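Asks: Counted the way mature numbering (1 follows the signal peptide of the UniProt record, and there is no 0) counts, the sequence shown spans residues -21 to -1, 1 to 1045.
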Amino acid sequence: MFLRALLIGILGCLSYLPTCAAVQLHARPAPQTLPPVLDNAQLRWLWEHRELRLGVIARDNPPFDMLTTGQAYEGITADYVGLLASQLRLEVQLQVFASFAEAAAALRQGSIDLLGSVSPQQALEAGLHLSAPYAQDRPLLIVPQQHARERIRSGARFRLALVDGYRPRQQVQALYPLAEIQLHPSPFSALAALALGDADLYLGSTLGSRYLLGRNQWNGAEEIGHAALARQAVGFAMARDNKALIGLVDRVLEGLGDQHADVHERWHARPAVVHRSPGIPLSDAEQHWLAENPRIKVLVNEQAMPLSYRDGKGQLQGLSLDLLQLLGRRTGLEFQAEAGGTAAQMVEQVLMGKAQLIAGLPYSPARGERLRFSRGYLSSAYVLVMQGHAERPDDLAQLDGRRLALEEGSVAQELLAQAYPRVLQSPVSGALEAVHAVAAGRVAAAVLPLDQARLLVARWYPGRLRISSLALPAAHFAFASSPGAVHLQSILDKALLDLAPREIDALVRRWRSPLIVAASAWQRYRTHLLLGFLGAFAALVVALLWIRYLRRLQVQLRRAKRGAEAANHAKTHFLAAMSHEIRTPLHALLGMLELAQRKAGQGVLDHLAIEVAADAARGLQELIGDILDVTRIEAGELQLTPTVACLREQVTQVIQLFDQQARGKGLRLDLTVEGEVDRPVLLDPVRFRQVLANLLSNAIKFTPQGRVQVSIFAQPRGDCLVARLIVDDTGIGIAKAELAQLGQPFRQASNQCQSPRSSTGLGLGICHSLCQLMGGHLQLNSELGRGTQAQIHLELPIHPLDLSVPVVAPPSDVPVDELPLRVLVVDDYPANRVLLAQQLDYLGHQARVAEDGAQALRLWLNEHFDVVISDCSMPRLDGYGLARAIRLHERRRGRTACRLVGLTASALADERRRCRAAGMDDCLFKPLGLQALIGALGGSVARQGKRLPDGEARKAVFDFEHLRQLADNDQGALEAVLADLRRSNRDDLTRLAESGEDPKALAALAHRVKGGARILRAGDLISACERLEASCASEPLHLERLHRDVQVLHAVMQDLEHYLGSRAQA
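See below:
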């Protein structure tokens, strides 16, 4: 339990760090005195250091160190720092640390100059020098009541509450061998445990204990004397070699005289003396703002006792209201308080400008990011409220799987979510709702500030609920305003600083008294009255509408019945169609694989069976892909990814894919181009090619003889290119009665020459939807027996990039000439691991396999891998967790980032986004083909792999045999072409180096190089040029990506240079 409590305390300290970047020193002003006499070394140090860097530990250590909301640092040590700065004429810069060890390390390294509230033992262990003391600490013993004192003296075992780090635990245990020591993150939670009966004895600092006892009602807690531990001094810690600063600090502290007593008197817990301030010093800007904004609208929670509530007369009362009156007298502001609802509602009102201030809002880092907080004026320990008969848990982990009520946005909600993730949190709008939820049994317990829990339990459920202590950082209540209310918060902070600590203490003691504010009759019975009125009104409305309801009921029932029958029919039709469409290719797949397996057992390799099975599997994959596309389109989740592209190039690539199929049927496949089809435009090339490929496939499929004509017409209109794409065939055509049905799923035109099993009827519907998503439309015209014409009308945005070069289709062969990579394959399914490893081996790469993320992480830490391909869903450590762990280790160790690729069978639309968010570079989807795998391994990552020795150099970087054919096998012409290529490549390398970061020059050069690379069929060079063109066209321009792609292109061109050189020598 106590280790978990310490963890929560550390998290509580760390939660302040993001908002402490601008923490201010709040030191009470001191009388001006003559500066001390300094020697030359000290004067030189002051001349060289115009500011004093003070380290502050994020902890609750009143009255020495208090950060409360993380905006202001105050206390005894802060006042002494203010005196040092005033005497030495130095500015103070604060730096917050999570622990003493971090602060001491920073002091030894010279990152800070000074560390306050340090004991001699701490300074000795940390190797630091301690200044002259400015306070003396003596351990004080406090018991909750008389019988606890008798129990301690009787020799029985007892529970001792101790703040972690105050004194060594071994030393305290040796002094009290019968004690069960409870470590707490702050004195607030330690004293709360004492007051609530969860501890029998508290050991703490005399100054801190008396300060808290003076501000709080701790149920009769009293001092029983000092512990038999040596008193220890409290001073400033400095680096031992900083002699000049050591002398300066000691000289100032020794020369303070009566000011020591003033500082300690200011923080001593005694009855307050009314302080009549002549007025707080305001800047000209603050005075001007004050004149223009004399009235401030303040929101309070009317159910947040003792900070704010409504009394029996309906008037707002409470600690926050009294404090506003004090601040109003000091500033001249008129605060107009009104109820603002829940904390979330008040925050929204302030952010929308409907109010200027929220009073009594507990600070949390999440709220600190949206609001500007003042210094805190009330701190309260967090406690656990539960049913009176429930057993107090020793650790909140015992509530795993049960519900715990926490105020939404509170710091406790953030801390417990990290320390106890299995406890189910039930966010509530306020403390009163949390208490009601516990009483009603909707939650097992609630975590609330002690001050609110005491009053609410006593007021609403006395004897039914109980309160237990928690080892959590305290809640700090403050004023909150919008981030832009700089002047208002500055005036409030100055007014709060002008209030003596004892004045605030007196106010806090008044509202922490045991007096219970009686609830008004309206508050006691309003729920019953409202329910009664609501029931009567509901009965009246039901009576008036009953006849109308009966009349509509039959109509609604008839409509519901028809809708249910239609939905059931649609579901039955869909499932029947799906079953038929899937079982047909599955039958061919399983049958051919069984046949191939049996023949392989006889030593016969049946290529035909394997090809048929592969075709059936691809058809099944296309069917599933079409169904997923239809689902995403109907759900509105299909998103286009526009990039810079050329219409001619996109159409040409699709036509070349179907050219062989058309020739196989004896068809002529022609392309006609008219207009400015080479203008660069923005479109999604994948979806565009999908539409065109579907139309071409249908045209070739249903055309037994004749031709298929593809025509492109494009003309600019303003900033857009108006394009019309026509696919015209001389096929069997479609009856006019069937044209309107073709966009529906699983609906096909009747035909006598084509098997219905060769199509699912999903394609045209997807094409219609994709054309609409691209801002155009698809139109079909057909006549039975005379062919079909499909027209696509699009308006595409024109891009300024110049892409006007001849386009040659890239080779479609599978490249296996990439540099060999070390690839880590992670998958919990053995068949998938074997398949992926075999695919990588076929491509010439080296694969290591792992069964899960944990095993993969161990391999990655001990070996070097260029690429990691991981399944996303695995036991123990899944692919997302593995990616995050690898990226974390890379950042910590400064390692070059490897390529991370996710592999998933999930069809969810946001799967790629989840992979990106986890730190992956790409996401692949099962089933995975070689082309997709090559795409994931290609580019800059592949070139990070180790090169093979010269004797095992990879294959040619371009198709040499194709170049020989272009030279008509003329050796002289071939050598001349190679020389020209080498000279041109060197010139391009020079231009690449001279282009710098100019995206237009780089894009033009990459496009020029790509034109020649297509003629050479140099796949690597084409890919590198296309990536650089995409980087140059991206908006905004990403320089890091641009540099990387320039380096990749340079490396590929260097490979081409080496290869041409080797050919020339040969």
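The beta-carbon is built from N, C-alpha and C at its ideal position, and this holds for glycine as well.
These numbers were taken from a predicted model, which means no experiment stands behind them.
Near Gln770, which residues of its chain fall below 6 Å by C-beta distance, leaving aside the five closest residues on each side in sequence?
Replies: Ile705 and Gln758
Asks: Kindly provide the ranges of any alpha helix (DSSP H) runs that are 4 or more residues long and lie completely inside the stretch 385 to 461, ordered along the chain.
Replies: 390 to 398, 410 to 419 and 429 to 439
Asks: Taking just the CA atoms, how far does Ala85 sit from Arg117?
Replies: 28 Å
Asks: Taking Gly812 and Val828 to be in contact with their CB atoms under 8 Å, please state how far apart those CB atoms are, rounded to whole angstroms.
Replies: Looking at the sequence itself, residue 812 is Arg, so the reference to Gly does not match. That belief holds up - the Cβ atoms of Arg812 and Val828 are roughly 5 Å apart, short of 8 Å.
Asks: By how many angstroms is the C-alpha of Gly975 removed from the C-alpha of Ala37?
Replies: 48 Å
Asks: When you compare only the Cα positions, how much space is there between Leu981 and Arg696?
Replies: Their Cα atoms are separated by approximately 28 Å.
Asks: Where do the ends of the alpha helix (DSSP H) carrying Met325 lie?
Replies: Ala322 to Leu330
Asks: From which residue to which residue does the beta strand (DSSP E) around Glu370 run?
Replies: That residue, Glu370, is in no beta strand (DSSP E); it is neither H nor E in DSSP.
Asks: Within the same chain, show all residues whose beta-carbon is closer than 7 Å to that of Trp839, passing over the 5 residues directly before and after it, in chain order.
Replies: Leu803, Val847 and Ile865
Asks: If I follow the unbroken alpha helix (DSSP H) through Asp708, where does it start and stop?
Replies: Premise fails: Asp708 lies in the beta strand (DSSP E), Cys699 to Asp708, not in any alpha helix (DSSP H).
Asks: Mapping the DSSP letters down to three states, classify Glu655 as helix, strand or coil.
Replies: Coil.
Asks: Determine whether the beta carbon atoms of Leu429 and Ser359 lie at a separation below 7 Å.
Replies: yes
Asks: Taking DSSP's pairing of strands, which residues face Val97 in a bridge?
Replies: Looking at the DSSP output, Val97 shares a beta bridge with Gly214.
Asks: Can you tell which of Leu302, Ala464 and Leu336 has the C-alpha that lies nearest to the C-alpha of Ile275?
Replies: Leu336
Asks: Where are the alpha helix (DSSP H) runs, 4 residues long or more, that stay fully inside the stretch 992 to 1023, in chain order?
Replies: Counting only runs that start and end inside the stretch 992 to 1023, the alpha helix (DSSP H) elements of at least 4 residues fall at 998 to 1012.
Asks: For Met325, which residues from the same chain have a beta carbon less than 6 Å from its beta carbon, with the 5 sequence-adjacent residues on both sides left out?
Replies: Correct list, in chain order: Leu278, Gly319 and Ile337.
Asks: Which partner residues of Pro123 appear in the DSSP bridge assignment?
Replies: Under DSSP, Pro123 forms no beta bridge with any residue.
Asks: Please report the Cβ distance between Val665 and Leu626, rounded to the nearest whole angstrom; I am assuming they are in contact, meaning their Cβ atoms lie under 8 Å.
Replies: Not a contact, Cβ separation roughly 15 Å.
Asks: Span of the beta strand (DSSP E) holding Arg289?
Replies: Ser287 to Arg289
Asks: In the DSSP assignment, what residue or residues form a beta bridge with Tyr181?
Replies: Tyr181 is bridged to Ile121 and Ala140.
Asks: Would Phe137 and Ala158 qualify as a contact pair, given that the criterion is a beta-carbon distance under 7 Å?
Replies: yes
Asks: According to DSSP, what are the bridge partners of Gln282?
Replies: Tyr288
Asks: I'd like to know whether the C-beta atoms of residue 1046 and Glu265 end up nearer to each other than 7 Å.
Replies: No answer is possible for residue 1046: it lies beyond the span of the chain, which begins at -21 and ends at 1045.
Asks: Three-state secondary structure (DSSP) at Val793?
Replies: The pLDDT assigned to Val793 is 40, lower than 50, so where the model puts this residue is not dependable; a value taken from the coordinates is nonetheless given after this. In this structure, Val793 counts as coil in the three-state DSSP scheme.
Asks: Quick one: Cα of Ala972 to Cα of Leu984, how far?
Replies: 11 Å
Asks: With DSSP run on the structure shown, which of helix, strand or coil describes Asp901?
Replies: strand
Asks: Taking 7 Å as the cut-off, decide whether the C-beta atoms of Thr56 and Asp39 are in contact.
Replies: no
Asks: One question on the structure: do Gly34 and Ile91 come within less than 7 Å of each other, judged by their Cβ atoms?
Replies: yes
Asks: For Asp845, which option in Leu763, Arg527, Glu869 and Gly347 has the closest C-alpha, if you only look at C-alpha atoms?
Replies: Cα-wise, what sits closest to Asp845 is Glu869.
Asks: What does the alpha-carbon distance come out to for the pair Asp373 and Pro480?
Replies: 36 Å
Asks: Could you name the residues of the same chain whose beta carbon sits closer than 8 Å to that of Gly332, not counting the 5 residues immediately before and after it, in chain order?
Replies: Ser461
Asks: Give the secondary structure of Glu830 by DSSP, where H, G and I count as helix, E and B as strand, and everything else as coil.
Replies: coil
Asks: Return the residue from the list Ala418, Val426 and Gly388 that minimises the CA-CA distance to Val402.
Replies: Val426
Asks: Out of Ile1001, Arg871, Leu815 and Arg863, state which residue places its alpha-carbon closest to the alpha-carbon of Leu909.
Replies: Leu815
Asks: Per the contact definition of three or more C-beta pairs closer than 8 Å, is the stretch 233 to 242 in contact with the stretch 162 to 177?
Replies: no
Asks: Please return the same chain residues whose Cβ sits closer than 7 Å to the Cβ of Ser96, not counting the five positions on each side in sequence.
Replies: Asn40, Phe43, Asp44, Thr56 and Val213
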